[in-house]
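Numbering (the working numbering), first residue to last: 14 to 579.
The following block contains the structure:
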């Protein structure tokens, strides 16, 4: 604690020319406590994106809204994330990561309280926008801070703990939400964030170190407008494609607007001196490959955890709480596995944990292809446990490898890119799965109905209510069959990821250091140029940044961390 407080002293502003002076590994010795604070905030922000889905039917009844109207409670939150997250890197650089994190906590808690007192659907939608501002900033800022306060040789363990907020929250969300909706009140799913946010803010002010502010950076307004428009349009198309029709003019128009806006955004970012998102981070192969793998895992995670509770409730007639409880054991196994996989990463790198984990995920998903309404619940839970164990093994090494080799000066922007990809992947995965499931269900229903229609027509008992029951049974069976086809497709894509994971580094990739205020100067590097050429560069500084030497090798980074007390 004393070491952390001591580091709060020092200059609060750092110019771009002095950026190299704060890139040394000056991590405090006690990083576990700040990491705990970040995990709590991360868990709270991600939990809210899933816990709300359970309460949608109850909200619809209380507000007297249609299904399409009330679904905007979840959709508007996702859309706002596409606007807020791209700006997180610039905000963290300009005002300091710790300050932005504190503001995000306040915005999230305040937005949650307002959502709890919403008196109409329109007021709830407006308050969800306020809540999404904090909910969008916290994950990106938290990840950037983690890579600056944790020693390179401990990144695996730290990311294993950090992953409790990334993977554990979506899996326990249905359980918590189901209990609150069935036995208390749906408004409590928002109120519960207020005391947690208040305690988190106090802890952040006491524990988190101060991060420098990089003065003189211009806000890339053109980049912000184009990326926000593009992400908003694409996320809206992905969210509403199943309802509006994938070939409808609205969806096609949104896709065209989104793609063109992102193309213009890429041109702007590659030509301005201070880009909103530094697209040059994609030149790091580990970062790009890891993002591809993360996208597939995230798409499968959020897509399947949307449809499994739905199948349990509609196919087997379970309540929201009962369906959530069946998901609790697999969630706990994920939480137990991630810290272990983090330690494995610190020893042997990301390649083998990622490959083995993806294979286990693929196998568990393949087993679930046989799901039917008659499948024993214990067997279904066992299949989900196998899948979740693989997810816990694979996800954190891949996530750690994606950011570990990024130089410190680019960590904030890389973290924003990472979070944007996760958001798009989850929305895209759900949209693709919905389209595939809808098509397969139609085929399954047609084939099953044609096989049994003759027998049903000849049975005198299948008339009136009996015929409706028969039709419902066929629809449920078609739902299970379509879901099985979806699991088979997901298993195949995940198995392909296992092969791609073999291209990840065979050894841990060391980070580039920290930017905590008041830290000692980095150890001198023989090949490190002085910062004067950066200060003397012409107005277009992009070329100067490209000449920045790459991150030091693993051995050098570890030696630096040991000599600097990190």
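For glycine and all other residues, C-beta sits at the position ideal for the given N, C-alpha and C.
Sorted by chain position, which residues of the same chain lie with C-beta nearer than 7 angstroms to residue 278's C-beta, five sequence neighbours on each side aside? Position 265 of the chain shown holds residue 278. Correct list, in chain order: 236, 239, 240 and 243.
Please confirm whether residue 409 and residue 427 have their CB atoms less than 8 angstroms apart. Within the chain shown, residue 409 is the residue found at index 396, counting from 1. Within the chain shown, residue 427 is the residue found at index 414, counting from 1. Not closer than 8 angstroms, so no.
Is the CB-CB distance between residue 170 and residue 55 below 8 angstroms? Residue numbering aside, residue 170 sits at position 157 when the chain shown is read from its first letter. Residue numbering aside, residue 55 sits at position 42 when the chain shown is read from its first letter. The beta carbons of residue 170 and residue 55 sit no closer together than 8 angstroms.
7 angstroms CB neighbourhood of residue 507 in its chain, flanking five on each side removed: Here residue 507 is taken as the residue at index 494 of the chain shown, counted from 1. Contacts found: 309, 313, 371, 374, 375 and 378.
To the nearest angstrom, report how far apart residue 320 and residue 404 are at their CA atoms. Within the chain shown, numbered from 1, the residue matching residue 320 stands at position 307. Within the chain shown, numbered from 1, the residue matching residue 404 stands at position 391. When rounded, the separation of the alpha-carbon atoms in residue 320 and residue 404 is 18 angstroms.
Output the boundary residues of the alpha helix (DSSP H) element that contains residue 344. Taking the chain shown and counting its residues from 1, one reaches residue 344 at position 331. Residue 344 -> alpha helix (DSSP H) spans 341 to 361.
State the CB to CB distance for the pair residue 348 and residue 177, rounded to an integer number of angstroms; the pair is presumed to be in contact (CB under 8 angstroms). Taking the chain shown and counting its residues from 1, one reaches residue 348 at position 335. Taking the chain shown and counting its residues from 1, one reaches residue 177 at position 164. Indeed, because the Cβ distance is near 6 angstroms, the residues count as touching under 8 angstroms.
Bounding residues of the alpha helix (DSSP H) (the contiguous stretch that carries residue 401): By one-based count along the chain shown, residue 401 stands at place 388. For residue 401, the enclosing alpha helix (DSSP H) starts and ends at 390 to 417.
DSSP three-state assignment for residue 426, whether helix, strand or coil: Residue numbering aside, residue 426 sits at position 413 when the chain shown is read from its first letter. Three-state DSSP puts residue 426 in a helix.
Residue span of the alpha helix (DSSP H) that contains residue 144, given as start and end: Counting from one through the chain shown, the residue named residue 144 turns up at place 131. Element bounds for residue 144: 134 to 162.
Going by alpha carbons, who is nearest to residue 173 out of 422, 502, 412 and 505? The count along the chain shown starts at 1 and reaches residue 173 at position 160. Selected option, being the one with the closest Cα: 412.
Do you know offhand how far residue 142's Cα is from residue 361's? Indexing the chain shown from 1 puts residue 142 at position 129. Indexing the chain shown from 1 puts residue 361 at position 348. So the two alpha carbons sit approximately 43 angstroms from each other.
Buried or exposed: which applies to residue 10, given that a residue is buried once 16 or more other Cβ atoms fall within 10 Å of its Cβ? No answer is possible for residue 10: the residues shown for the chain start at 14 and end at 579.
Please work out which residues of its chain come closer than 6 angstroms, Cβ to Cβ, to residue 501, disregarding the five sequence neighbours upstream and downstream, and give them in chain order. Residue numbering aside, residue 501 sits at position 488 when the chain shown is read from its first letter. Closer than 6 angstroms at Cβ, skipping near neighbours: 382.
Quick test of the definition: if touching needs 3 or more C-beta pairs under 8 angstroms, does the region 148 to 164 touch the region 93 to 102? Segments in contact, yes.
Helix, strand or coil for residue 287, going by three-state DSSP, please let me know. Taking the first residue of the chain shown as position 1, residue 287 is located at position 274. Taken through DSSP and simplified to helix, strand or coil, residue 287 comes out as coil.
Residue 450 and residue 499 look like a contact to me (Cβ under 8 angstroms); what is the Cβ gap, rounded to whole Å? Working through the chain shown from its first residue, we reach residue 450 at position 437. Working through the chain shown from its first residue, we reach residue 499 at position 486. Rounded, the Cβ-Cβ distance is 5 angstroms, consistent with contact.
Got a sec? Which residues, its chain only, sit under 7 angstroms from residue 140 by beta carbon, not counting five neighbours each side? On the chain shown, position 127 is the one that residue 140 refers to. Only 124, 127, 128 and 131 meet the Cβ criterion.
Cβ contact (3+ pairs, closer than 8 angstroms) linking the region 60 to 75 and the region 185 to 203: Between the region 60 to 75 and the region 185 to 203, the count of Cβ pairs shorter than 8 angstroms is three or higher; the stretches touch.
Can you tell me whether residue 272 is buried or exposed, with buried defined as 16 or more other CB within 10 angstroms of its CB? Indexing the chain shown from 1 puts residue 272 at position 259. In summary, residue 272 is exposed, with fewer than 16 beta-carbon neighbours lying within 10 Å of its beta-carbon over all protein chains present.
Using only alpha-carbon positions, find the residue among 137, 430 and 425 that is nearest to residue 225. Residue 225 sits at position 212 when you count from the first residue of the chain shown. Distances from the alpha-carbon of residue 225 to those of 137, 430 and 425 put 425 closest.
One question on the structure: do residue 45 and residue 101 come within less than 8 angstroms of each other, judged by their Cβ atoms? Counting from one through the chain shown, the residue named residue 45 turns up at place 32. Counting from one through the chain shown, the residue named residue 101 turns up at place 88. Going by C-beta atoms, residue 45 is not nearer than 8 angstroms to residue 101.
Cβ of residue 432 less than 8 angstroms from any chain C Cβ? Of the protein chains in the structure, only one exists, and it is not chain C.
Classify residue 78 as helix, strand or coil using the three-state DSSP reduction. By one-based count along the chain shown, residue 78 stands at place 65. Residue 78 sits in coil when the DSSP states are folded into three classes, being neither helix nor strand.
8 angstroms CB neighbourhood of residue 340 in its chain, flanking five on each side removed: Locating residue 340 in the chain shown gives position 327, where the first residue counts as 1. Same-chain partners within the cutoff: 184, 185, 187, 188, 318, 321, 322 and 397.
I need the DSSP call for residue 232, collapsed to helix, strand or coil. One-based indexing of the chain shown puts residue 232 at position 219. It is coil, neither helix nor strand.
Burial state of residue 343 (16 or more Cβ within 10 Å): The residue given as residue 343 occupies position 330 in the chain shown. When all chains shown are included, residue 343 counts as buried.
Hey, how far is the Cα of residue 325 from the Cα of residue 232? On the chain shown, residue 325 is found 312 positions in, with the first residue counted as 1. On the chain shown, residue 232 is found 219 positions in, with the first residue counted as 1. Straight-line spacing of the CA atoms in residue 325 and residue 232 works out to 48 angstroms.
Just to confirm before moving on: does the CB-CB distance between residue 385 and residue 493 stay below 8 angstroms? Reading the chain shown from its first residue, position 372 is the one you call residue 385. Reading the chain shown from its first residue, position 480 is the one you call residue 493. Yes, Cβ-Cβ distance for residue 385 and residue 493 is below 8 angstroms.
Residue range of the unbroken alpha helix (DSSP H) whose run includes residue 84: Your numbering for residue 84 matches position 71 in the chain shown. According to the DSSP assignment, residue 84 belongs to no alpha helix (DSSP H), since it is labelled neither H nor E.
State the DSSP-derived secondary structure class of residue 305, mapped to helix, strand or coil. Your numbering for residue 305 matches position 292 in the chain shown. Note: residue 305 maps to helix in three-state DSSP.
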